[in-house]
Structure formats: structure tokens, C-alpha cells
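Each number in this note's numbering comes from the position in the sequence shown (counting from 1) with 35 added on. Using N, Cα and C, we set each Cβ at its ideal position, and we do this for glycine too. This one's a predicted model, so the numbers in the text were calculated from it and none came from an experiment.
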Amino acid sequence: MIRTILIALVIGLVGVAKGEAIYTYTLSGQASAEGYDEAMAVASLQGVINRESPAVYVLSAGDKMPGYWLDLMSKDGRWMEGRERIVVGGLDELVKLAGTRVKGAVIWDPAVPASVDVATTVAGAEDLVVVSPEMAGKDLGRWGLPVVMDLRGKFTGAETGSKKNDAYRWAIREYLAKGRCSSHLLCLYEDAYVMRARGDAGYVVTRDWAGKNRAFVFDLSPWGDEVPGDDAGQKMGTDLETYKMILAEVMKQAAGKEMTELTGFFAFSKYSHTADHASAHEGVPTEWESVWLMSPYNCYQNTISSSCFNQSFHSQAPRVALKQKRVVKEEPLAKKAYVCVLMSDYDSATPLYDFLAGNWEDKDRGKLPLAWGINPDLLETYPDLIAYFYSTATANDTFTSDASAAGYMNPNRILKENLPLFIRHNQKFFREADMSIAPMVLDGDQPSPAVKDAFAQFAPDGFAMILADVNGERGTNPTPQVWKGMPIMELINDACNTKDAGGVADVMARVIRERGDAKPGFYLFRTVWVKPSVIVGAVGELKKRYPGLDVEVVGIGEFFELFKKSRGN
Numbered sequence: 036m037i038r039t040i041l042i043a044l045v046i047g048l049v050g051v052a053k054g055e056a057i058y059t060y061t062l063s064g065q066a067s068a069e070g071y072d073e074a075m076a077v078a079s080l081q082g083v084i085n086r087e088s089p090a091v092y093v094l095s096a097g098d099k100m101p102g103y104w105l106d107l108m109s110k111d112g113r114w115m116e117g118r119e120r121i122v123v124g125g126l127d128e129l130v131k132l133a134g135t136r137v138k139g140a141v142i143w144d145p146a147v148p149a150s151v152d153v154a155t156t157v158a159g160a161e162d163l164v165v166v167s168p169e170m171a172g173k174d175l176g177r178w179g180l181p182v183v184m185d186l187r188g189k190f191t192g193a194e195t196g197s198k199k200n201d202a203y204r205w206a207i208r209e210y211l212a213k214g215r216c217s218s219h220l221l222c223l224y225e226d227a228y229v230m231r232a233r234g235d236a237g238y239v240v241t242r243d244w245a246g247k248n249r250a251f252v253f254d255l256s257p258w259g260d261e262v263p264g265d266d267a268g269q270k271m272g273t274d275l276e277t278y279k280m281i282l283a284e285v286m287k288q289a290a291g292k293e294m295t296e297l298t299g300f301f302a303f304s305k306y307s308h309t310a311d312h313a314s315a316h317e318g319v320p321t322e323w324e325s326v327w328l329m330s331p332y333n334c335y336q337n338t339i340s341s342s343c344f345n346q347s348f349h350s351q352a353p354r355v356a357l358k359q360k361r362v363v364k365e366e367p368l369a370k371k372a373y374v375c376v377l378m379s380d381y382d383s384a385t386p387l388y389d390f391l392a393g394n395w396e397d398k399d400r401g402k403l404p405l406a407w408g409i410n411p412d413l414l415e416t417y418p419d420l421i422a423y424f425y426s427t428a429t430a431n432d433t434f435t436s437d438a439s440a441a442g443y444m445n446p447n448r449i450l451k452e453n454l455p456l457f458i459r460h461n462q463k464f465f466r467e468a469d470m471s472i473a474p475m476v477l478d479g480d481q482p483s484p485a486v487k488d489a490f491a492q493f494a495p496d497g498f499a500m501i502l503a504d505v506n507g508e509r510g511t512n513p514t515p516q517v518w519k520g521m522p523i524m525e526l527i528n529d530a531c532n533t534k535d536a537g538g539v540a541d542v543m544a545r546v547i548r549e550r551g552d553a554k555p556g557f558y559l560f561r562t563v564w565v566k567p568s569v570i571v572g573a574v575g576e577l578k579k580r581y582p583g584l585d586v587e588v589v590g591i592g593e594f595f596e597l598f599k600k601s602r603g604n
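Structure below.
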């Protein structure tokens with residue numbers, strides 16, 4: 036009780052200044068509806084409180100990563116060092132901590148699972164806490180918070196024949212179209228359809244980020260040729276129509292001043308083929324279709340952001356221009372097979388937050404030159420994490436963008452009149468991240484001359500692409516070339532699903548031989564979420580098993596420079 040009163044007195048009516056105490060709340064991590072509801076209320080409160088300054092930090096009994104990053108950022112001179120930690124003992128204390136900044140509650144409707152996303156949108160716009168009907172009956176009276184909006188029974192399907200789509204279209208009219216939501220951020224967060232019953236809060240703990248930014252939140256299918264698994268009675272294509280309405284409205288609201296990030300991923304078990312949902316569309320094509328759909332709307336994706344805690348907190352870390360430690364060696368061109376390895380797919384929040392740390396700590400990192408693909412637009416979300424990786428990099432670690440530049444989009448789908456905005460967006464992030472190479476552009480065809488001109492303005496030291504079969508069409512890879520000083524080639528994707536050293540070595544050898552083993556030859560390989568020790572082992576096996584190939588592994592800067600020399604540049 037004393038602690039609760041003290042928190043209320045210190046925080047209730049004033050903000051928390053940067054450098055002051057960190058208030059930690061630990062989620063139960065309970066895989067139940069009750070655990071889901073707790074996480075929903077905590078995330079919405081955290082987003083409102085942290086809008087003023089980084090004050091509330093959420094830990095979890097079921098996830099080690101929030102504690103990992105809190106401890107790491109609290110030592111060695113990093114930005115959380117020296118800040119007192121005060122434990123918030125429960126939801127009652129967290130509500131008191133929020134004080135008058137939280138204006139009341141919004142109750143979502145379990146009969147319309149999409150209403151939990153609508154409630155998140157409403158809560159961010161109006162500074163509310165999101166509660167289930169059970170929590171409303173149990174807690175609101177004790178908290179002294181009024182019910183500002185009750186969504187139960189509000190969405191009947193009268194408008195579209197789909198309660199789900201009625202909910203989102205109402206939110207478009209009342210919040211997005213009225214300028215009450217961010218035009219820079221959309222959140223594709225899976226709703227409560229199956230997640231609440233499972234107690235899966237992966238796309239619940241992220242909602243502090245939506246709340247802080249007053250973002251529009253939704254969960255829809257990108258396909259117009261089949262009904263989604265959560266709304267079998269809807270008219271074919273209704274989800275897609277609503278999806279396009281959201282993209283068109285946010286583009287209108289942005290008014291050409293900024294590009295829009297779409298964070299989050301489609302729900303596999305509702306919109307693609309899985310063990311519990313039959314669909315004509317597999318997961319990867321559904322990803323490609325989503326990106327193909329959003330790209331003309333000046334929208335780029337930060338795909339997987341599930342279980343990404345405390346984005347409203349980490350995003351407020353001090354940001355300074357980063358500096359890479361890379362040294363591009365001046366090497367004479369020799370008759371060798373030059374190999375470069377991209378450690379890829381850290382292009383979205385979850386891999387950056389969760390997967391990269393373990394691979395980064397690998398004992399063999401630094402033994403070989405490796406390119407690490409992260410998207411620099413994540414500086415808006417986790418600037419302190421990216422700064423940590425830069426500060427602990429070796430001279431053999433180079434950071435590049437991943438899919439496709441500062442955000443995942445299909446560049447050929449950007450409207451020509453919007454390419455100047457595309458260039459400005461990427462220049463901003465590439466400069467801050469000290470990047471000059473875009474080695475993993477994904478598109479349905481080789482880049483147009485206008486797209487190549489655009490990339491040359493922020494990635495002049497190298498461009499490579501993977502050809503994606505988007506929207507049922509597959510074009511051709513670019514011919515290896517140098518375009519106005521910018522090297523262009525294919526990113527070789529053959530090893531992307533291979534995780535052991537011997538397998539990677541065999542794939543590399545096969546590719547080199549199939550392509551004629553030219554001397555000099557240039558081979559940029561993509562690997563996904565493997566440890567440096569796998570690549571060190573693969574190179575050792577490659578040289579041992581296939582000595583006639585005369586392979587040399589070089590850093591990505593040297594790789595593209597040697598390629599330019601081979602072309603007479």
C-alpha cells in the first residue's frame with residue numbers, strides 16, 4: 036500500500052523525465068484468456084504512459100528477452116545505466132501510475148474478435164485502457180475509470196455482411212479518415228480469433244507501440260480469391276477491399292510527406308495454408324502478395340514483430356549517427372571465385388530483438404568477413420539495440436540493409452511520381468546507419484531504370500536482388516552490370532534453407548559449377564538466421580571438398596569493388 040501511494044504521488048499528475056526511475060511490470064506469462072487480458076491492459080496502459088517519456092518497462096515470466104535487454108542496456112555506459120528500478124506490483128498500481136493520463140476504458144467484444152484491434156486503435160487515439168468484458172466487471176469500479184466506449188454489440192454485419200469488416204470500416208471513418216491516427220505507422224496485429232483462447236499474447240505485448248503512436252490496428256487477408264479462415268461467411272474479397280481502403284486512406288493522410296510502415300505479419304492459420312487451415316496459398320506467397328499489395332501506397336513492411344516488448348520504451352533511447360568499422364581493402368583482381376555471405380533476415384523487429392543476439396554472441400564471429408542484413412528503418416523502434424550491435428562489431432562485420440531497403444517493399448511498384456519520397460526516406464535511414472549497400476531487394480522483375488537511378492542515390496556501393504513470384508508473375512533477374520557507378524547483381528538464394536556447414540558448402544560448390552566457374556567469378560549468397568560458426572565451417576568444408584574451385588571469401592565492400600574492376604570500372 037505504501038509503495039502504491041508513493042508511485043501515485045510521484046507519477047500521478049506529472050510525467051517521468053528521462054534518466055529517472057524505470058517502473059517494471061512483470062506479466063504472468065500465463066497461457067490463458069486471463070493472461071491475454073492482462074497483457075492487453077498492460078500494453079495499452081504502457082503506451083499511454085510512455086508517450087511522455089520512457090517510464091514503464093514490461094518483463095515477462097514466460098519470455099527472457101525483455102530482461103536480457105534491460106540488463107544489457109543498464110551496464111557499460113549504455114543509456115539505462117544508473118536508473119533506479121521500481122517494481123510495479125500489479126494492475127492496480129499500474130493504473131495509479133498512469134494517473135490522469137488515462138481517461139477511461141474501452142471494452143472490446145469477444146463475439147467480434149476483430150474488435151480487440153479496433154479497441155486498440157480507439158485506446159491510442161483517446162488515451163484509454165483496453166479491457167475485456169470480464170475485466171470491466173471485475174476491475175473498472177475499483178480503478179475508478181469510466182467506460183468511454185463499449186464495443187459489445189456494435190458491429191453486426193449490417194454494412195458489409197461481415198462483423199469483422201464492419202468493425203474496421205467504422206474505425207476507418209471515425210479515426211483514420213479524421214486524422215486521429217498516425218499516417219506513418221499501421222499495425223497488422225493478429226486479433227483475438229484464436230489467440231485469446233490459446234493465451235498467445237505475441238501480438239498483444241506489442242500494442243504499447245500502437246498506443247504510443249496512435250496507430251491504426253487491423254488483421255485482414257491480402258487475398259481476394261478465397262474467404263479467410265476466420266470469416267467464412269463473408270462475401271468473397273471483402274477483407275481485401277477493406278485492406279485497400281486502409282492503405283488508400285493512410286496514403287491520403289500522409290499527403291506525400293512521409294512513407295508509412297506496416298508492422299506485423301499476416302495470420303498464417305487464417306490466410307495461408309497450414310495444418311489447421313486449408314488454403315490455395317502457401318505462407319511465402321502470402322508474404323509476397325502482402326508486400327505487392329501495399330507498395331504502391333508508399334507503404335513498407337516490418338514483417339514479424341510478434342513478442343517484441345517495450346518498443347514504446349526502447350524507441351526513446353538517444354539516437355546518434357552510427358559509424359561502421361568496415362575497412363574496404365584495395366585488392367588486385369585475381370582469377371578466383373569470389374564469395375560473399377549475407378547473414379540475412381534481420382529485417383523486422385522480431386529477428387532483430389530476439390534472434391540476432393544469440394548469433395551475434397557466436398565465438399566465431401569476426402573470423403570471416405560477413406555482411407549483416409538489418410533494415411535501418413528499425414532505428415525508429417529499437418535504436419539502442421542497433422547501436423549495441425554496431426558498438427560490438429568487428430572490422431569483419433558490415434551492416435547492410437535487408438529486404439528491400441529502409442523497409443520491405445517492391446520498388447518497381449512504387450509509383451514514379453512517388454520515387455522522390457522513396458529516395459528521401461531511404462537516404463535518411465541509410466545516412467544514419469552509415470550504410471551504402473542494398474544487397475537484398477525483393478521484386479517481381481529486374482529494376483526499372485528509374486528504380487536503379489533511385490537506389491544509386493542511397494546505395495551507390497551495391498545493389499542485389501532476389502526475384503520473387505509476386506501476384507502470379509515472375510520476371511527476370513538483372514544482368515550483372517554497373518549502373519552509373521552502382522554494381523548490380525543477383526542475390527543467390529539457394530542456401531537460404533540450409534543450416535549445417537557441410538550443406539552450405541555443397542550448395543555453394545554446386546552454384547559455382549552450374550554457373551560455369553568463371554574466373555573471376557562473383558557469388559553473393561544469402562543465408563538465414565545461421566551462426567557465424569556455420570559459415571566458418573562451410574568455407575572450410577568448401578575448400579577441403581572442392582579445392583579446384585579456388586574460392587576466396589571477401590567482405591561485401593571488397594566484393595562489389597572487385598566486381599566493378601572486373602567490369603572495367
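Using 10 angstroms around the beta-carbon of residue i, count the other beta-carbons present and answer buried if the total reaches 16, otherwise exposed.
{"i": "methionine 475", "result": "buried"}
{"i": "proline 367", "result": "exposed"}
{"i": "aspartate 106", "result": "exposed"}
{"i": "aspartate 265", "result": "buried"}
{"i": "alanine 78", "result": "buried"}
{"i": "glutamate 596", "result": "buried"}
{"i": "tyrosine 203", "result": "buried"}
{"i": "serine 379", "result": "buried"}
{"i": "isoleucine 42", "result": "With a pLDDT of 40 at isoleucine 42, under the threshold of 50, the predicted position of this residue should be treated as unreliable, and no value is reported."}
{"i": "valine 166", "result": "buried"}
{"i": "methionine 230", "result": "buried"}
{"i": "valine 51", "result": "Note on valine 51: pLDDT 38, under 50, position unreliable in the model; no value is reported."}
{"i": "aspartate 496", "result": "buried"}
{"i": "asparagine 604", "result": "exposed"}
Do residue j and residue i come within 8 Å of each other at the CB atom, strictly closer than that value?
{"i": "leucine 211", "j": "isoleucine 281", "result": "yes"}
{"i": "alanine 406", "j": "isoleucine 591", "result": "yes"}
{"i": "leucine 80", "j": "alanine 372", "result": "no"}
{"i": "methionine 444", "j": "tyrosine 335", "result": "yes"}
{"i": "aspartate 226", "j": "proline 148", "result": "yes"}
{"i": "alanine 468", "j": "leucine 414", "result": "yes"}
{"i": "lysine 599", "j": "valine 486", "result": "no"}
{"i": "glycine 556", "j": "isoleucine 570", "result": "no"}
{"i": "lysine 554", "j": "lysine 370", "result": "yes"}
{"i": "threonine 298", "j": "arginine 361", "result": "no"}
{"i": "proline 404", "j": "valine 588", "result": "yes"}
{"i": "tryptophan 143", "j": "valine 130", "result": "no"}
{"i": "glutamate 296", "j": "glycine 408", "result": "no"}
{"i": "proline 145", "j": "aspartate 399", "result": "no"}
{"i": "threonine 562", "j": "leucine 377", "result": "yes"}
{"i": "proline 513", "j": "glutamine 462", "result": "no"}
Could you give the C-beta distance for residue i and residue j, rounded to a whole number, given that I count them as a contact under 8 Å?
{"i": "valine 285", "j": "serine 383", "result": "Actually they do not touch by this definition, with Cβ atoms about 19 Å apart."}
{"i": "alanine 61", "j": "serine 109", "result": "The sequence shown places threonine at residue 61, rather than the alanine named in the question. That belief does not hold up - the Cβ atoms of threonine 61 and serine 109 are roughly 16 Å apart, past 8 Å."}
{"i": "glutamate 73", "j": "serine 63", "result": "6 Å"}
{"i": "alanine 491", "j": "glycine 520", "result": "7 Å"}
{"i": "glycine 605", "j": "asparagine 431", "result": "What is shown of the chain runs 36 to 604, which leaves residue 605 out entirely."}
{"i": "arginine 177", "j": "methionine 75", "result": "With a Cβ gap of about 18 Å, arginine 177 and methionine 75 do not count as contacting."}
{"i": "arginine 113", "j": "aspartate 419", "result": "7 Å"}
{"i": "phenylalanine 464", "j": "aspartate 397", "result": "Not quite, the Cβ-Cβ distance comes to about 27 Å (not below 8 Å), so this is no contact."}
{"i": "phenylalanine 301", "j": "leucine 221", "result": "Rounded, the Cβ-Cβ distance is 13 Å, inconsistent with contact."}
{"i": "leucine 132", "j": "isoleucine 84", "result": "7 Å"}
{"i": "alanine 438", "j": "leucine 502", "result": "In fact, because the Cβ distance is near 13 Å, the residues do not count as touching under 8 Å."}
{"i": "lysine 279", "j": "glycine 196", "result": "The Cβ separation is near 17 Å, so there is no contact."}
Just to confirm, does residue i get its C-beta within under 7 Å of one of the non-hydrogen atoms of the ligand NAD?
{"i": "alanine 352", "result": "In the structure on display, the ligand NAD does not appear, and there are no ligands present to speak of."}
With DSSP as the reference, please indicate the residues paired to residue i in a beta bridge.
{"i": "tyrosine 417", "result": "Bridge partners of tyrosine 417: none, in fact."}
{"i": "threonine 433", "result": "Ala406"}
{"i": "proline 522", "result": "Val517"}
{"i": "cysteine 334", "result": "Thr295"}
{"i": "histidine 312", "result": "Thr309"}
{"i": "alanine 140", "result": "Val164 and Val182"}
{"i": "phenylalanine 301", "result": "None; phenylalanine 301 has no bridge partner."}
{"i": "isoleucine 121", "result": "Tyr58"}
{"i": "aspartate 399", "result": "Paired residues: none, contrary to the question."}
{"i": "cysteine 375", "result": "Leu559"}
- Three or more C-beta pairs below 8 Å linking the segment 335-342 and the segment 232-242: The answer is yes - the segment 232-242 touches the segment 335-342, with three or more Cβ pairs under 8 Å.
- Task: Evaluate the contact criterion for the segment 55-70 versus the segment 122-135: three or more CB pairs, one atom per stretch, below 8 Å.
- Result: As far as the Cβ criterion goes, the segment 55-70 touches the segment 122-135, which means the pair count is three or higher.
- Report yes or no: do three or more beta-carbon pairs, one from the segment 255-273 and one from the segment 169-183, lie closer than 8 Å? In short, these stretches do not touch, since the Cβ pair count stays below three.
- Per the contact definition of three or more C-beta pairs closer than 8 Å, is the segment 498-507 in contact with the segment 450-459? No: the two stretches stay apart, fewer than three of their Cβ pairs being nearer than 8 Å.
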